[in-house]
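2 protein chains.
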Amino acid sequence: MAKPGIQLNDGRMRAVIERVTPSVDGGRFAAKRIAGDEVVVEADCFTDGHDTLACLLLWRREGETSWNETPMAPLGNDRWRGGFVAATVGRYQYTVTAWVDHFLSWRHDFARRLEAEDLRVAALVGAGLVEDAAQRAKGAARTRLKGWASDLRAVSEAQALKALGLDEELAALAARYPDRRLASTCPVEHPLTVDRERARFSSWYELFPRSASSEPGRHGTLRDCEARLPAIAKMGFDVLYLPPIHPIGRVNRKGANNAVAAQPGEPGSPWAIGSAEGGHKALHPELGTIEDFRRLVAAARTHGMELALDIAFQCAPDHPYVTEHPKWFRWRPDGTVQYAENPPKKYQDIFPFEFESEDWSGLWQELAGVFRFWAGEGVRIFRVDNPHTKPFAFWEWAIGELKREYPDAIFLAEAFTRPRVMHRLAKLGFTQSYTYFAWRNSKHELIEYFTELTQGPGREYFRPNVWPNTPDILTEYLQFGGRPAFIVRLILAATLGANYGIYGPAFELLEAEPRDPGSEEYRDSEKYQIRQWDLQAQHSLAELIARVNLARRDNPALQSDDSLLFFPVDNDSLLCYAKSDIATENLVVTVVNLDPHHVQSGWVELDLDALGIDAHLPYQMHDLLSGARFLWNGARNFVQLDPQRAPAHVFALRRKVRTERNFDYFL
Amino acid sequence: MAKPGIQLNDGRMRAVIERVTPSVDGGRFAAKRIAGDEVVVEADCFTDGHDTLACLLLWRREGETSWNETPMAPLGNDRWRGGFVAATVGRYQYTVTAWVDHFLSWRHDFARRLEAEDLRVAALVGAGLVEDAAQRAKGAARTRLKGWASDLRAVSEAQALKALGLDEELAALAARYPDRRLASTCPVEHPLTVDRERARFSSWYELFPRSASSEPGRHGTLRDCEARLPAIAKMGFDVLYLPPIHPIGRVNRKGANNAVAAQPGEPGSPWAIGSAEGGHKALHPELGTIEDFRRLVAAARTHGMELALDIAFQCAPDHPYVTEHPKWFRWRPDGTVQYAENPPKKYQDIFPFEFESEDWSGLWQELAGVFRFWAGEGVRIFRVDNPHTKPFAFWEWAIGELKREYPDAIFLAEAFTRPRVMHRLAKLGFTQSYTYFAWRNSKHELIEYFTELTQGPGREYFRPNVWPNTPDILTEYLQFGGRPAFIVRLILAATLGANYGIYGPAFELLEAEPRDPGSEEYRDSEKYQIRQWDLQAQHSLAELIARVNLARRDNPALQSDDSLLFFPVDNDSLLCYAKSDIATENLVVTVVNLDPHHVQSGWVELDLDALGIDAHLPYQMHDLLSGARFLWNGARNFVQLDPQRAPAHVFALRRKVRTERNFDYFL
């Protein structure tokens, strides 16, 4: 730890620092990493002339007053790199400092000097620099450096002098006490958000609690959800996500299939939040009590899962806020509250908040309090409904507030909107983001989109969470592709996205009927009515899902997105890609038949260099879904996939390695 | 003019502004434009929800306190664009402001409303917004808006109300008085440097005055240079660049061909600046007097040329600074000044300045004074020698200082060094930069390098100045390629670079002998001795150079670099590219045979769409060097180039256009 001696406006500060990475909008927003990651920072550092530069990476946890320092090493072409391990969750900062190091410059030149007289004069210059270093050192180091300096002044024989001047150990010692008075420090303290592992790797299961009852006709409860935990855990999910669990408004309540008026007894939409029973901090009475909720939180934990709540900042007309805080709504000249609308469409069951209210700060505090309330009940994952219809500044503040108190909190942005808007939400603090995956079906689209997600500038802050379906999205592909389509989209989601989720049981039971032709809404959607699901049905994908999730748990390659690499296949219906994990040398290659109707075959061409495979040795492809093992040779191999039997391979690739004794073995 | 109402820390400011372009390092440095250019600014602007945004480009000359405002228009995908004309040279600033416009949002929704009651309530809302606008308006506008508001309240018939609400003229009037209290303004005021046209388009001729004498054996003078002006102007150059014209040091003076010690009577290197006769503000006595210099400046002007001086901040050992300002040099323990060296090489005739001097600010002031002195003598173009061996901060300050006083000053950075360093110099203020052109000879290299220069991020600030030779650079290509090589490199430089130059008369007289095999130094270099040139020699390229420069003057396409576009040719020795000027519809296509030894032929494939050519009409290719005219058809056309006759075509491309009367004519 040290305070860099920064002097501004001193024309003698000759080092220049540019293009620090990672950098999100020049340091306006935080890059994201996971606790335990090595954070690799690079910068262009250079100076005028031919002097030698020294560069340090400075880093600290936000709020610390002094910097930790790590040397940076040159990569060539004036690029420097250093790294630090972000050990724990929270906010960090980093920047770069650099200076012209006269001692290192001197040593570099000294090594190239040839003439005796030249060496002698140079040695005197060096002695002065070493004496300065000695002044900055203490104890034994100071004594040794002083000794070195006086030797440099005393020795006169050229060979001996050169050896003395180039002494490696003494040079390393002197370099430890540099003159940093004229160091330049990048003025931007780049922020970094460090999350827990689940931010990078999570498997979500969405479930309507009111449909979780095991008895037909009875309203499902949180206790019913608790009973379902073992089965969901067995499928391999680690996040159980519940749509809003608050009291549902009675005024202007919607009926089944989004009918404008509910019939008596109809339950309404859980997103029409608030009634006489309470609002965003209350539980819908038919779901159970707060004690039931606490039991569910605790029970989920014992199954290695955690609960995610849906936070939807909008109100039913009978939400208590409407009377208690009329300023939080926009009033129309006819004395009514402005309901949600997209003319000519009207959503009279939903009042949006008026964020341009005079009392905007009161509103902000109250909404942040909703997160704080549920965090106090043990919830750490929030799926936020339509964040793009509330001000960006609000989210940046609210997420920052909660994460200061609960740095392990995770926020998933449910914004299916324009790219800039989705990216802004990710930059300002959302931990994960929904994607356009549901509408990317062709090989070209999938390659382009996932290359952008994993290689584009968003890779520093936009963590995709990939869903084949949601209660709002029943895609055409699922409607018409039958069982193979569900399997294809499941495997794509689970292997392309380290974070993925399904809306069940609709998904595993292949629910595919739209409300109307051309609509992406489900017929008899759970959004407006209670459904009874036959979880034991023969056609359930539960067992396959369990195998897919097990492959994800067993293979670190599938637990992050950075390494994604697509490979050519000479058939546009076949998609092939790999993910790898360097630390464990784990490598997974997936081949998917995107055509749910026909058998497709083709030659896959792996990039063996990129995968680190010796082209002269066979390698094993172990299908983690079927258990089959194949021996492949070279880059090009043949694949045939029958959608009726198995529309995809998820291969663990095991390399053969030539050892010193010339034995081969699979890693 | 208006001051935007910026309120910070108001959570109701909902507009977001990102990715303003042009932007050099996030606004740390200025983008560059030419006086009269339209400066096109874009930004990502968006807000939460579905409200309508309004965006303005704010711009001003540096130092003005209020902004000029120009509306920005949406391009789709949340990108907005606006522009302003930077009429005069100097520094400008620009930024972007945006706000959620409730009146525009209301109008957008009102147009989509269908029901009578809905329209009536909405009209009341609108009336309130229009009344607010009326409060912000004055005079007649206020009266009209008030009238509109009361009509909106009074009319009740749906059709009439809708027509009233959508009145285009009244809407335009109301939109002129927006509520900008909650506008967001990008906090970065992006700087812009606006230069005069010569910064973008210039033709340089470098000449050693001491070799300009018309009588053998006599030291050339500034008067001799004056006598040469008509011939140089006839060749079409507009910048006459002189190596340093200051007194040359006598101590450790170099001899011919860089001999360590000069023989008596040898003139030394003009870059070893300073002697008893004076330093950087003095003239070498043998060149003439300050009156001669002023005559030369004035005479150049009458020939449409201007003088560029070489500013080399280094000293001969007998420069007056050494005794007058010992602190500006680094002293060695043996009591001598540290000369320039790159161990084991030593340059005892050159003392570098010690920029880490205690008196660094005194040094900075003095050096800035050198520019100011010569600017006072009418010089506005400075070619700066090795700027990368002096601190970046010094240049940023010194160039800024001089340009504040002389905004028409042009600085050319002579830095042949690593890319980051060259870019930093361009960013911090150098107007033009030398390039790697001299060492880019193959088709692949030329395409890659000039694509990077004209399309890469440097295009906003790095203006290439392209030289086939300099006194320090006699390339292998010129050494071995004979006359065709000189023609090829001339035409490449003059058509790839809107700014280019040659070092003459060595260039036009095909001087190609290196000092040693493998060296890029000239034998009997003018750097160390006076040369006598036979300007009337038969083999002189002067006449061809004149034709090339005339083509540059006549064709605006060749006067800027942004439009450069390369085209495929099925022969790697043939390079084809176009430049265009939109305003004048001027189009120049150059085809060069890069092989100076053999006839080469091939099929050129123009991108007719990009060039705006109707594929169904023939077009004329007028060779500006030979005068020949060819009629070409379609994208693919055959070209054959004999290096002994003409190694290149520089074609003015004249489109045929189908007119209404069905006549064709060439533009």
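Residue numbers (the working numbering), protein chains in the order written: chain G, 1 to 667; chain R, 1001 to 1667.
We put the beta carbon where it would ideally sit given N, CA and C, even for glycine.
Element boundaries [alpha helix (DSSP H), containing residue i]
i, result
"residue 225 of chain G", "222 to 234"
"residue 1549 of chain R", "1542 to 1554"
"residue 1510 of chain R", "First-last for residue 1510 of chain R: undefined, no H or E at that position."
"residue 421 of chain G", "419 to 428"
"residue 1241 of chain R", "First-last for residue 1241 of chain R: 1239 to 1242, but that is the beta strand (DSSP E), not the alpha helix (DSSP H)."
"residue 536 of chain G", "No alpha helix (DSSP H) holds residue 536 of chain G; DSSP gives it neither H nor E."
"residue 1353 of chain R", "Neither: residue 1353 of chain R is in no alpha helix (DSSP H) and is coded neither H nor E."
"residue 1450 of chain R", "1443 to 1455"
"residue 1173 of chain R", "1168 to 1175"
"residue 143 of chain G", "139 to 154"
In DSSP terms, what residue i is bridged to
i, result
"residue 499 of chain G", "G/202"
"residue 592 of chain G", "G/575 and G/648"
"residue 632 of chain G", "G/619"
"residue 76 of chain G", "G/79"
"residue 1331 of chain R", "R/1337"
"residue 191 of chain G", "G/93"
"residue 1601 of chain R", "R/1640"
"residue 1433 of chain R", "R/1413 and R/1464"
"residue 1278 of chain R", "R/1275"
"residue 310 of chain G", "G/383"
Residue i (DSSP reduced to helix, strand or coil)
i, result
"residue 1292 of chain R", "helix"
"residue 362 of chain G", "helix"
"residue 317 of chain G", "coil"
"residue 1162 of chain R", "helix"
"residue 626 of chain G", "coil"
"residue 487 of chain G", "helix"
"residue 251 of chain G", "coil"
"residue 1125 of chain R", "helix"
"residue 5 of chain G", "Low local confidence applies: a pLDDT of 36 at residue 5 of chain G is under 50, so the model's placement there is unreliable, with the coordinate-based value given in what follows. It is coil, neither helix nor strand."
"residue 11 of chain G", "coil"
Burial state of residue i (16 or more Cβ within 10 Å)
i, result
"residue 226 of chain G", "buried"
"residue 530 of chain G", "buried"
"residue 327 of chain G", "exposed"
"residue 432 of chain G", "buried"
"residue 264 of chain G", "exposed"
"residue 40 of chain G", "exposed"
"residue 571 of chain G", "buried"
"residue 290 of chain G", "exposed"
"residue 1275 of chain R", "buried"
"residue 82 of chain G", "buried"
"residue 50 of chain G", "exposed"
"residue 404 of chain G", "exposed"
"residue 534 of chain G", "exposed"
"residue 549 of chain G", "buried"
"residue 1001 of chain R", "Any answer about residue 1001 of chain R is weak, because its pLDDT of 32 lies below 50 and its placement is not dependable; what the coordinates show is given next. Counting Cβ neighbours within 10 Å, residue 1001 of chain R comes out exposed, since fewer than 16 surround it."
"residue 1071 of chain R", "exposed"
"residue 1112 of chain R", "exposed"
Range covered by the beta strand (DSSP E) that runs through residue i
i, result
"residue 1612 of chain R", "First-last for residue 1612 of chain R: undefined, no H or E at that position."
"residue 47 of chain G", "Unbroken run through residue 47 of chain G: none, as it is neither H nor E."
"residue 569 of chain G", "Residue 569 of chain G -> no beta strand (DSSP E), and no H or E assigned at all."
Where are the beta strand (DSSP E) runs, 3 residues long or more, that stay fully inside the segment 1364 to 1404 of chain R, in chain order?
Counting only runs of 3 or more, we get 1381 to 1385.
Length-filtered (4 minimum) alpha helix (DSSP H) runs lying within the segment 51 to 116 of chain G
DSSP runs (the alpha helix (DSSP H)) wholly in the segment 51 to 116 of chain G: 102 to 110.
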